[in-house]
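Novice: Chains as they are written, first to last, in the working numbering: chain A, 1 to 393; chain V, 1 to 393; chain B, 1 to 393; chain G, 1 to 393.
Number of protein chains: 4
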Amino acid sequence: MTDGTRARIPRDPANDYTAEAARARRDFASEQTGAKLDHVAHFSQPIDALAGNVENFIGDAQVPIGLAGPLVVHGEHARGEFFVPLATTEGTLVASYNRGMRLLRESGGIKTTVVHENMQRSPVFTLGDALEAREFGEWVDAHFDSIRVACETTTRVGKLSRIMQFAVGPLRYLRFDYTTGDAAGQNMVGKATLAGCEWIVANHPKHPQFLLSGNIDTDKKHSAINTLLTRGKRVVAEATIPREKMRAIMGVDTHELFNHRQISMAGATLAGSANNGAHAANGLAALFIATGQDAANVAESHAAITYVQLRENGDYYWSITLPSLIVATYGGGTGLGTQRECLELMDCYGIGKAHKFAEICAAVVLAGETSLTAAIVRGDWVSSHDRLGRNRP
Amino acid sequence: MTDGTRARIPRDPANDYTAEAARARRDFASEQTGAKLDHVAHFSQPIDALAGNVENFIGDAQVPIGLAGPLVVHGEHARGEFFVPLATTEGTLVASYNRGMRLLRESGGIKTTVVHENMQRSPVFTLGDALEAREFGEWVDAHFDSIRVACETTTRVGKLSRIMQFAVGPLRYLRFDYTTGDAAGQNMVGKATLAGCEWIVANHPKHPQFLLSGNIDTDKKHSAINTLLTRGKRVVAEATIPREKMRAIMGVDTHELFNHRQISMAGATLAGSANNGAHAANGLAALFIATGQDAANVAESHAAITYVQLRENGDYYWSITLPSLIVATYGGGTGLGTQRECLELMDCYGIGKAHKFAEICAAVVLAGETSLTAAIVRGDWVSSHDRLGRNRP
Amino acid sequence: MTDGTRARIPRDPANDYTAEAARARRDFASEQTGAKLDHVAHFSQPIDALAGNVENFIGDAQVPIGLAGPLVVHGEHARGEFFVPLATTEGTLVASYNRGMRLLRESGGIKTTVVHENMQRSPVFTLGDALEAREFGEWVDAHFDSIRVACETTTRVGKLSRIMQFAVGPLRYLRFDYTTGDAAGQNMVGKATLAGCEWIVANHPKHPQFLLSGNIDTDKKHSAINTLLTRGKRVVAEATIPREKMRAIMGVDTHELFNHRQISMAGATLAGSANNGAHAANGLAALFIATGQDAANVAESHAAITYVQLRENGDYYWSITLPSLIVATYGGGTGLGTQRECLELMDCYGIGKAHKFAEICAAVVLAGETSLTAAIVRGDWVSSHDRLGRNRP
Amino acid sequence: MTDGTRARIPRDPANDYTAEAARARRDFASEQTGAKLDHVAHFSQPIDALAGNVENFIGDAQVPIGLAGPLVVHGEHARGEFFVPLATTEGTLVASYNRGMRLLRESGGIKTTVVHENMQRSPVFTLGDALEAREFGEWVDAHFDSIRVACETTTRVGKLSRIMQFAVGPLRYLRFDYTTGDAAGQNMVGKATLAGCEWIVANHPKHPQFLLSGNIDTDKKHSAINTLLTRGKRVVAEATIPREKMRAIMGVDTHELFNHRQISMAGATLAGSANNGAHAANGLAALFIATGQDAANVAESHAAITYVQLRENGDYYWSITLPSLIVATYGGGTGLGTQRECLELMDCYGIGKAHKFAEICAAVVLAGETSLTAAIVRGDWVSSHDRLGRNRP
């Protein structure tokens, strides 16, 4: 069976980012499968801007956006009221986040803080044995400045902050941690780390072999290392909710919530869950799609640690920490038509906005936590979904 | 600070799913923020079909779709050649998956199998002490048939297959496992489980308290329990790649790949990764957005276990197991304009197609694994991204 | 370098369990190394009883035993006051557990419950592909009764309760769960499962290959599967401690303890800890050594989930769940001189005592949790160790 | 129910480490329980040396020691042949480790390397919010030298090497990493860290509250953080085993072993195991008991990552990495009668020997891995246990 006998997707080697090339592929696909692609053909995004974002372009997915807010944020970078675009097809989601935003703004708003940041690529070097690998590691530490220079030749923005080391047998896994400005930076740090590794190979007396990823960077994957050591941005959202606000808006008492919390944390521990809270992924996925983030990063970004305290007066301090939130306000899909508009809606497009956007993401997550958790405790979770969800033809 | 003093998002209580209501919200948002929403306003999806999918609708996100394929699948349900729509803004992604599809079709195609399926809701009951909780558990086992009947009164499709039990102190976490037909089924099983729990409370002599989620269902969260016990569908994709095909198409030798595999598995173990392969989340997120899946389920669905063997003749057997793939071909966002078209492109829309679509998802993931892994081993990963990615204004 | 040129440890092929054989080895060791083995030579345990417990016997380690108690237990099997032998060389340990036992007996004692039990061996079968593996799994389910009969031919005590199945690629991991009476049962279930596997190979049409362990039984290893699905016994200890008792005996307020608990649980989640409590391993290791348990099982047995609630009146409900406590009161090392005496001290030696002993283990652990946790909260942890520990020559 | 009404364990306030005090407690225990403690009363260890090792001393547990070896080690610190004392009551264990030692010495011996070391105490500080906590963290970094001085006032041996930081909400977990010479050092670093924390509280403008353990040091607990960042010593043992030696001594082919390895690693990943090898805990527990280590540290020490490669000529490179091996050759139980003799047997007692002993521990573990794994692959695992184990009265 050779590939030549099969139908091949048409490409235009001269310029593949044209309406004609897209139409040719749609026609081809319809011919091969019998399916129509009318809605897919309907979009306003200029095609020629898509080089670098997609190959074999045929049209656009239309994902409905609901508006939630205002979200009141008291961050270092995000300050004030925000209206939040959430792209989703899951009924109830926007309503539920909106409800949480109301609770939190009536409680005085949400504090947000980016407490750490680094993006990484983690190559692995194979040495002759564990002793050589240890000595190699010492050599890397001693030559950090030169490696940094080599890495940073490839990027104006990325800055290498440290190289962590992890030893397994004759292997030395290195974790190159960078700050990456307003880009998510996975490609930037890949390129920079490659340059650093090539410098190492050229200069280390043993010229050891390496792989650019030893699989501890866990790109697009949840991991314990990300939760501990941060991938992207580590962001905290926190709020103190007066007991009477919780009761009035959510219909639950803060003592009930706190009792529930003990149970849900035991459950998360039992289950080995990436997140001991409720459902960070819901808000993040919706916000990511609306704003041109890489939706695959939901894998890493959905991890979270909830920490709460019940105050003596019955008020409820609620924090959520996202240890590996990966977002950008520049590059990737952020500049495309609807995506840029959605970022601009929150004044988060472009240079200098990544921290602001990260803070908004965390605030959105916290709003969603309050709403779903209260619904579970109050027991009206299913009835809400019955009312707002369930879209069956 | 009261909510009344703030600007509120307009809603039309009579019918909020109209062009006017959407425009009113866009105008409001633009007025509040100064941002334009021109692209967002451009869509072909009928608004009145969106009830049940989104609230406070303002327009659509346009996510570019690239076409990959043909993907050759020899599944139980998916059989033949498929052209796969991938919605993404990440340059290289479609090209990379396409390359993997080529390798695998030239290697004879991909076997796919749904090996297990269940969707769950996991309530938790609080008893007086651990002994009472154990006795409660025995009672639940003894009354399984009645509980099942109670659950299934709420759904024509969902079938309760078992109730697993997990004990912590005085708590009894129950895991209600269902099959859910062609829906993802989270809401369906929530409603059914609520009915089951209410039956339990009414009939058990102690009328114990419960929460509908004890946080071990880990909805929208990766977890160890999902990897072990399956959430959604457990699907395997597998292929045997001739040594010369790997060398000709990917430029790497299967022995190198196998050596790399030992290193990347050690890395995944070290990192505590949810997935010891490469990047399932990339293909899944792109496919999920294109086909109206809940993108938040990337959190669960990206988990994977890769298992390979190097044959004596140098051929490479490669399998990937997705233990918690959550997909639907009916309900949720699957019926919307572009989403339905993309499902129809693979003949995967509607009743009776969920297994077929799950098999295609796994096959896509395997294709992506081969391409990225080979690029890492060959060392041309960064240069590919440089060529195809990096879309900076 | 061949083995023949080296000194070899003497063995007596006729009967190696004699004073002479032991002495010959001690003399040999002293000659080879220059070390004296005088204390090692001092023991009261009859040598001829050691066949089946150790090979190449040279003498005994003397591990000091401290007595703690009375421990007040209200279990199903353990009822009343117990004096607990703890074999340790770590200063403070006995004193600390003793302090916790006092707190808990003054608080009315400890409830204990064995909520689940099973010991397992987990073979793995390799099939041709994932589909064959799934069909194999269905065949196993259909032939459960015959497999059980085959397994149980090898043991009077072990009873096969279920076979769980986990799929990865073409592999089918089976988890044979047994009850094993008063033995820990690892060898018993190994032998039984081998018989079951041989029956499968003989009777299944494909006669598939298997390995007796696929490494998901995680014998002598902590694992998520053990925490979820139980290995050995799942035991809960629980107590409600009046606020004033906590203050009087431990010098801390229950509100402080509860605040601390939120912090220590966040820490355990962050760290990916096998145990979100304090130090179950300390008491278990000491009790295991004293009573002839396999101390390597500390690996599995130290896992725990703490769940607490602060009552409205300030009393503190404290539970700890040990999901994989592996203990025996019969077989292994339980019948040896000091080990049997230590079991008899708690009326836990022999047939019918394993549940009782498991309950005592959990109660001991809970006592230790209260003492160490209070010391951390009160801040006198270091000073206690300074007073009681630090044994430097 | 008051404590005064119960029998209390006798103590001698003047000097509790006497034969009389021990006998008084044994008599008391026998009287209370009816059990004899004759064997327990038989020991040669001087009682007055036990202050600092145990409280309420009543006698000794006698744990049989088997001798294994010679173990051929080519480490940095351990070089040559060693005879290894293993204290255990599990039949087959000594024989199995001995078999592995033979394989490895006939294969040229075992390379061992301590690749990293640190012992830690991890306090947690509570600040007003996440921003304050971040600023606190920056302050700690800026005052590292002063904190180090404060810590090191408490110890001649311990050296603070770094303070890592982890943020959750308003909490700042600090991980004080030390080298601790030849002691395991848990108490040493606890005391030093307390001094450091007190310096911080006194000097930081906010005088923040702290707990000396925030539960991320995971003392006596397995954890992901230990596997990543090392607790105690990170030690590698490695060997290359000729194919014919494996066949001659173990009866298995290295290709079979390598195939098995893929399966057992998939199993370990599936199970969420702390160790993807076979059974490090067995050898470590036996060695720990013999040499006066804290047996509770089996919880941390049993974690391991196995990494192997099959050479082109069929030889088998086998490495195991113990990321959190906690051992001492000084302090704790190392100076007691039998314990010291067992350390001296390997020339590992006292100052300057901890690295040597750590290397021997890792070499022993590797020997045990080869033997058990080969037995699983060959299928004679159960029959060996039948022959050597099963000690039923």
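Each residue gets a CB set at the ideal place from its N, CA and C atoms; glycine is no exception.
Remember, predicted model here, so these are calculated numbers, not experimental data.
1) Mind listing, in chain order, the continuous beta strand (DSSP E) runs of no fewer than 3 residues lying wholly within the region 66-97 of chain B?
2) Beta carbon of THR92/B, beta carbon of SER384/B: below 8 angstroms?
3) Closest to THR230/V by CA distance: which of ASP219/V, GLU238/V, ARG243/V, THR240/V is it?
4) If you measure between the beta carbons of THR153/A and ALA183/A, is that distance less than 8 angstroms?
5) Which one or two residues does DSSP pair with HIS255/G in a beta bridge?
6) Are the beta-carbon atoms belonging to ALA278/G and LEU104/G less than 8 angstroms from one another?
7) What residue range is occupied by the uninterrupted beta strand (DSSP E) comprising ILE305/G?
8) Measure from the C-beta of CYS342/A to each C-beta in chain V and report whether the shortest distance is under 8 angstroms.
9) For TYR173/B and SER273/V, I'd like the C-alpha separation in whole angstroms.
10) Any idea what DSSP makes of ARG6/A, helix, strand or coil?
11) Just the C-alpha distance for ALA290/V and HIS42/A, rounded to the nearest angstrom, thanks.
12) Taking a cut of 8 angstroms between CB atoms, which residues from the region 56-71 of chain G lie near chain B?
13) Report yes or no: do the region 221-236 of chain B and the region 319-333 of chain B share at least 3 C-beta pairs separated by less than 8 angstroms?
14) Cβ atoms of MET250/V and ALA374/V: under 8 angstroms apart, would you say?
15) ILE360/V and ALA78/V - do their beta-carbons sit closer together than 8 angstroms?
16) If you follow the beta strand (DSSP E) that VAL157/G is in, where does it begin and where does it stop?
17) In chain order, what residues of the same chain have a beta carbon less than 8 angstroms from the beta carbon of PHE57/G, not counting five sequence neighbours either side?
18) Are the region 131-140 of chain A and the region 161-170 of chain A touching by the rule of at least three beta carbon pairs closer than 8 angstroms?
19) Does the beta-carbon of GLN209/V have 16 or more other beta-carbons within 10 angstroms, so that it is buried, or is it exposed?
20) Taking CB distances under 8 angstroms as the criterion, tell me whether MET1/V reaches chain A.
21) What in chain A is Cβ-close to ILE263/V, meaning under 8 angstroms?
22) If the cut is a Cβ gap below 8 angstroms, which residues of chain A does ALA167/G touch?
23) Going by DSSP, what residues sit across from SER223/B in a beta bridge?
24) Does the beta carbon of GLY80/G come closer than 8 angstroms to any beta carbon on chain A?
25) Output the boundary residues of the alpha helix (DSSP H) element that contains SER122/A.
26) When you compare only the Cα positions, how much space is there between ILE216/A and GLN45/B?
27) Can you pull the chain G residues whose beta carbon is under 7 angstroms from the beta carbon of ILE289/B, in chain order?
28) Alpha carbon to alpha carbon, how far is PRO64/G from GLU341/B?
29) Can you confirm whether ALA130/V, when its beta carbon is compared against all beta carbons of chain B, has any partner nearer than 8 angstroms?
30) Taking ARG261/A as the reference, give the member of TYR307/B, LEU270/B, GLU244/B with the closest Cα.
31) Report buried or exposed for ASN187/A, applying the criterion of at least 16 other Cβ atoms within 10 angstroms of its Cβ.
32) For chain B, find out if any of its Cβ atoms is closer than 8 angstroms to the Cβ of VAL435/A; answer yes or no.
33) Less than 8 angstroms separating the beta-carbons of LEU160/G and ALA192/G?
34) Could you say which of ASN259/A, SER122/A, ARG8/A lies nearest to SER264/V if we only look at CA atoms?
35) Starting from the beta carbon of ASP347/G, find every residue of chain B whose beta carbon is closer than 9 angstroms, and list them in chain order.
36) Taking 8 angstroms as the threshold (C-beta atoms), are ASN118/B and LEU336/B in contact?
Specialist: In brief:
1) 79-87
2) If you number the third sequence from 1, residue 92/B lands on position 92. If you number the third sequence from 1, residue 384/B lands on position 384. In contact: THR92/B and SER384/B (Cβ atoms closer than 8 angstroms).
3) In the second sequence, counting from the first residue as 1, residue 230/V sits at position 230. Ranking ASP219/V, GLU238/V, ARG243/V, THR240/V by Cα distance to THR230/V puts ASP219/V first.
4) In the first sequence, residue 153/A corresponds to position 153, counting from 1. In the first sequence, residue 183/A corresponds to position 183, counting from 1. Their beta carbons are not under 8 angstroms apart, which means THR153/A does not touch ALA183/A by this criterion.
5) Sequence index remark: in the fourth sequence, residue 255/G carries index 255 (1-based). Paired residue(s): none; HIS255/G is not in a bridge.
6) On the fourth sequence, position 278 is the one that residue 278/G refers to. On the fourth sequence, position 104 is the one that residue 104/G refers to. No, they are not a contact pair.
7) Residue mapping note: residue 305/G aligns to position 305 of the fourth sequence, counting from 1. Taken as a continuous stretch (DSSP letters only), the beta strand (DSSP E) holding ILE305/G covers 305-310.
8) Numbered from 1 along the first sequence, position 342 holds the residue referred to as residue 342/A. Yes, its Cβ sits closer than 8 angstroms to a Cβ of chain V.
9) Counting from 1 along the third sequence, the entry for residue 173/B is found at position 173. Counting from 1 along the second sequence, the entry for residue 273/V is found at position 273. Cα to Cα, TYR173/B sits roughly 21 angstroms from SER273/V.
10) Position 6 of the first sequence holds residue 6/A. Here ARG6/A sits in coil by DSSP.
11) For the purposes of this step, residue 290/V is taken as residue 290 along the second sequence, with counting starting at 1. For the purposes of this step, residue 42/A is taken as residue 42 along the first sequence, with counting starting at 1. Each residue's alpha carbon lies about 14 angstroms from the other.
12) ASN56, PHE57, ILE58, GLY59, ASP60, ALA61, GLN62, VAL63, PRO64, ILE65, GLY66, LEU67, ALA68, GLY69, PRO70
13) The region 221-236 of chain B is in contact with the region 319-333 of chain B.
14) Here residue 374/V corresponds to residue number 374 of the second sequence, with the count starting at 1. Here residue 250/V corresponds to residue number 250 of the second sequence, with the count starting at 1. Yes; because the gap between Cβ atoms is below 8 angstroms, this pair is in contact.
15) As a first step, residue 78/V is located in the second sequence; it is residue number 78 there, counting from the start. As a first step, residue 360/V is located in the second sequence; it is residue number 360 there, counting from the start. Yes.
16) Here residue 157/G refers to the residue found at position 157 of the fourth sequence. No beta strand (DSSP E) holds VAL157/G; DSSP gives it neither H nor E.
17) For the purposes of this step, residue 57/G is identified with residue 57 of the fourth sequence, where counting begins at 1. Contacts found: ASP16, TYR17, ALA21, ALA22, ARG25, ILE47, LEU50.
18) yes
19) Position 209 of the second sequence, counting from 1, holds the residue named residue 209/V. Flag for GLN209/V reads exposed.
20) Looking up residue 1/V in the second sequence gives position 1. A caution first: MET1/V carries a pLDDT of 41, below 50, which makes its placement in the model too unreliable to give a value.
21) Residue mapping note: residue 263/V aligns to position 263 of the second sequence, counting from 1. Chain A residues near ILE263/V: VAL124, THR126, LEU171, LEU211, GLY214, ASN215.
22) Indexing the fourth sequence from 1 puts residue 167/G at position 167. Those within 8 angstroms of ALA167/G in chain A are VAL115, HIS116, ARG234, VAL236, THR321.
23) Numbered from its first residue, the third sequence carries residue 223/B at position 223. Paired residue(s): SER273/G.
24) Working through the fourth sequence from its first residue, we reach residue 80/G at position 80. No - not a single Cβ of chain A is within 8 angstroms of the one on GLY80/G.
25) Counted from its first residue, the first sequence places residue 122/A at position 122. Counting along the chain, SER122/A falls outside any alpha helix (DSSP H), and DSSP gives it neither H nor E.
26) Here residue 216/A refers to the residue found at position 216 when the first sequence is read from its first residue. Here residue 45/B refers to the residue found at position 45 when the third sequence is read from its first residue. Rounded to whole angstroms, ILE216/A to GLN45/B spans 51 angstroms at the Cα level.
27) Position 289 of the third sequence holds residue 289/B. Those are ALA61, VAL63, ILE289, ALA295, listed as they occur along chain G.
28) Walking along the fourth sequence from the start, residue 64/G turns up at place 64. Walking along the third sequence from the start, residue 341/B turns up at place 341. Answer to the nearest angstrom: the Cα atoms are 16 angstroms apart.
29) Mapped onto the second sequence, residue 130/V falls at position 130. Closer than 8 angstroms to some Cβ of chain B, the Cβ of ALA130/V qualifies, so yes.
30) Taking the first residue of the first sequence as 1, we reach residue 261/A at position 261. For the residues TYR307/B, LEU270/B, GLU244/B, the minimum Cα distance to ARG261/A belongs to TYR307/B.
31) Reading the first sequence from its first residue, position 187 is the one you call residue 187/A. Residue environment: ASN187/A is assigned as buried (16 or more neighbouring CB atoms within 10 Å of its CB, all protein chains considered).
32) Summary: the structure shown does not reach residue 435/A, with chain A confined to residues 1 through 393, and so no result is reported for it.
33) Translated into the one-based positions of the fourth sequence, residue 160/G becomes position 160. Translated into the one-based positions of the fourth sequence, residue 192/G becomes position 192. A contact, by the Cβ cut-off of 8 angstroms.
34) Locating residue 264/V in the second sequence gives position 264, where the first residue counts as 1. Of the candidates ASN259/A, SER122/A, ARG8/A, the one whose C-alpha sits nearest the C-alpha of SER264/V is SER122/A.
35) Position 347 of the fourth sequence, counted from the first residue, corresponds to residue 347/G. Residues of chain B passing the Cβ test: THR33, GLY34, ALA35.
36) Position 336 of the third sequence, counted from the start, is the residue given in the question as residue 336/B. Position 118 of the third sequence, counted from the start, is the residue given in the question as residue 118/B. No, the Cβ-Cβ distance between LEU336/B and ASN118/B is not below 8 angstroms.
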